[in-house]
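Novice: At position 137 of the sequence shown (counting the first as 1) the number is 137 in UniProt numbering, and the numbers step up by one without a gap.
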Amino acid sequence: MEVAAKTGLSSVTVVLPAFNEGQTIAKTVSELRRMYPEYEILVVDDGSTDNTAELAEQKGARVVRNRANSGYGAALKQGIRRAEGEIVVFMDADGQHDCCDVARLVEGLKDSDMVVGQRSKDDIVAKRKPGKWILSAVANYLAGQHIPDLNSGFRAFCRADGLNWIPLLPNGFSLTTTLTLLMLKDGQDVRYIPINVSHRSGGKSQVRYLRDGVRTLLLIARVIMLFHPLKIFVPLSAVLFLLGGAYTLFTIITTLNITETSILLL
1 MEVAAKTGLS SVTVVLPAFN EGQTIAKTVS ELRRMYPEYE ILVVDDGSTD
51 NTAELAEQKG ARVVRNRANS GYGAALKQGI RRAEGEIVVF MDADGQHDCC
101 DVARLVEGLK DSDMVVGQRS KDDIVAKRKP GKWILSAVAN YLAGQHIPDL
151 NSGFRAFCRA DGLNWIPLLP NGFSLTTTLT LLMLKDGQDV RYIPINVSHR
201 SGGKSQVRYL RDGVRTLLLI ARVIMLFHPL KIFVPLSAVL FLLGGAYTLF
251 TIITTLNITE TSILLL
């Protein structure tokens, strides 16, 4: 796609997944509409039980409503499908992301396939840092390169690329992580730029750290298996071999006899 077409003002859709964001959605949409009058502002109301959809429409957004809560990833996939722009920008509806950074993400697409807003370490909630460190370490090893911000939800990319990856994208919070890995392992250029992040100005986060962290680890492994299965199977085989050897050594020491089970493990 030509750069002019990729970054044309009329070809951008900002997708805001929202679930019970009545306290913040009006301000977010108003700022986007004021700053980017030519952009399409698409709010995917994921089964909200408050007035999120009504407030978004009042402020000038196009709203797609899900009857039931389908999940963060499902809402984003719905946004990709329903977007009218050639460029899609994912942005949180809770006021954490600075609307000024949208233009910087879109501008970065002139020489990249996806531009991701990189948060500073100070922007990450303290109780989430250990889990994020583990996820990042695993992802960096499996991807074979350093990933500055694995799961930032603020990013811009070509809608056509997003449509290609939809069948492999999950319905949960790990969608952004999965999309990053898919594009990196496919050889596409992913660029990171620093962004400003604020604390939530209202509402409640739907992230469940332990549950979503485990799911993300499993999805990271699944993505890498598609491109480099040996990255998974070689370490796993080594661990099993070492466990078998340790068990055999333990058997020899304690019984001075190699049992049939030990031989089988070897």
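Here a beta-carbon is modelled for each residue, glycine too, at the ideal position from N, C-alpha and C. Since we're looking at a predicted model, the values are computed, not measured.
Can you give the beta carbon distance from F173 to G73, rounded, assuming they're within the 8 Å contact cut?
Specialist: On the sequence shown, residue 173 is found 173 positions in, with the first residue counted as 1. On the sequence shown, residue 73 is found 73 positions in, with the first residue counted as 1. That pair is a contact at about 7 Å.
Novice: Taking C-beta to C-beta, are G162 and I80 nearer than 8 Å?
Specialist: Numbered from its first residue, the sequence shown carries residue 162 at position 162. Numbered from its first residue, the sequence shown carries residue 80 at position 80. Against a cut-off of 8 Å, the Cβ pair of I80 and G162 comes out as a contact.
Novice: Per DSSP, what kind of secondary structure is M35 in: helix, strand or coil?
Specialist: Walking along the sequence shown from the start, residue 35 turns up at place 35. Residue state, collapsed to three classes: helix.
Novice: Taking 8 Å as the cut-off, does the region 10–20 touch the region 43–54 (at least 3 CB pairs, one atom from each stretch)?
Specialist: Verdict: yes, contact present.
Novice: To the nearest angstrom, how far is it from the Cα of V43 to the Cα of T52?
Specialist: On the sequence shown, residue 43 is found 43 positions in, with the first residue counted as 1. On the sequence shown, residue 52 is found 52 positions in, with the first residue counted as 1. When rounded, the distance between both Cα atoms is 9 Å.
Novice: How far does the beta strand (DSSP E) with N164 in it reach, from first residue to last?
Specialist: Stepping through the sequence shown from its first residue, residue 164 is reached at position 164. It is not in any beta strand (DSSP E) - N164 instead sits in the alpha helix (DSSP H) that spans R159 to W165.
Novice: Compute the distance between the beta-carbons of K77 and L150, then report whether it is under 8 Å.
Specialist: Your numbering for residue 77 matches position 77 in the sequence shown. Your numbering for residue 150 matches position 150 in the sequence shown. No, Cβ-Cβ distance for K77 and L150 is not below 8 Å.
Novice: What residues are listed by DSSP as bridge partners for R155?
Specialist: In the sequence shown, counting from the first residue as 1, residue 155 sits at position 155. R155 pairs with F90 and V116.
Novice: Taking only the alpha-carbon atoms, compute the straight-line gap between D186 and L179 and give it to the nearest angstrom.
Specialist: Here residue 186 corresponds to residue number 186 of the sequence shown, with the count starting at 1. Here residue 179 corresponds to residue number 179 of the sequence shown, with the count starting at 1. Their backbone Cα atoms lie some 11 Å apart in a straight line.
Novice: Which residues bound the beta strand (DSSP E) around V63?
Specialist: What you label residue 63 is simply residue 63 of the sequence shown in a count that begins at 1. Here the beta strand (DSSP E) through V63 covers R62 to N66.
Novice: Work out the CA separation of T177 and D189 for me, nearest whole Å.
Specialist: One-based indexing of the sequence shown puts residue 189 at position 189. One-based indexing of the sequence shown puts residue 177 at position 177. When rounded, the distance between both Cα atoms is 15 Å.
Novice: In this structure, does DSSP put T248 in helix, strand or coil?
Specialist: Locating residue 248 in the sequence shown gives position 248, where the first residue counts as 1. Here T248 sits in helix by DSSP.
Novice: On the criterion of 16 or more Cβ atoms from any shown chain inside 10 Å, does L142 qualify as buried, or is it exposed?
Specialist: Within the sequence shown, the letter at position 142 stands for residue 142. It is buried - the Cβ of L142 has at least 16 other Cβ atoms within 10 Å.
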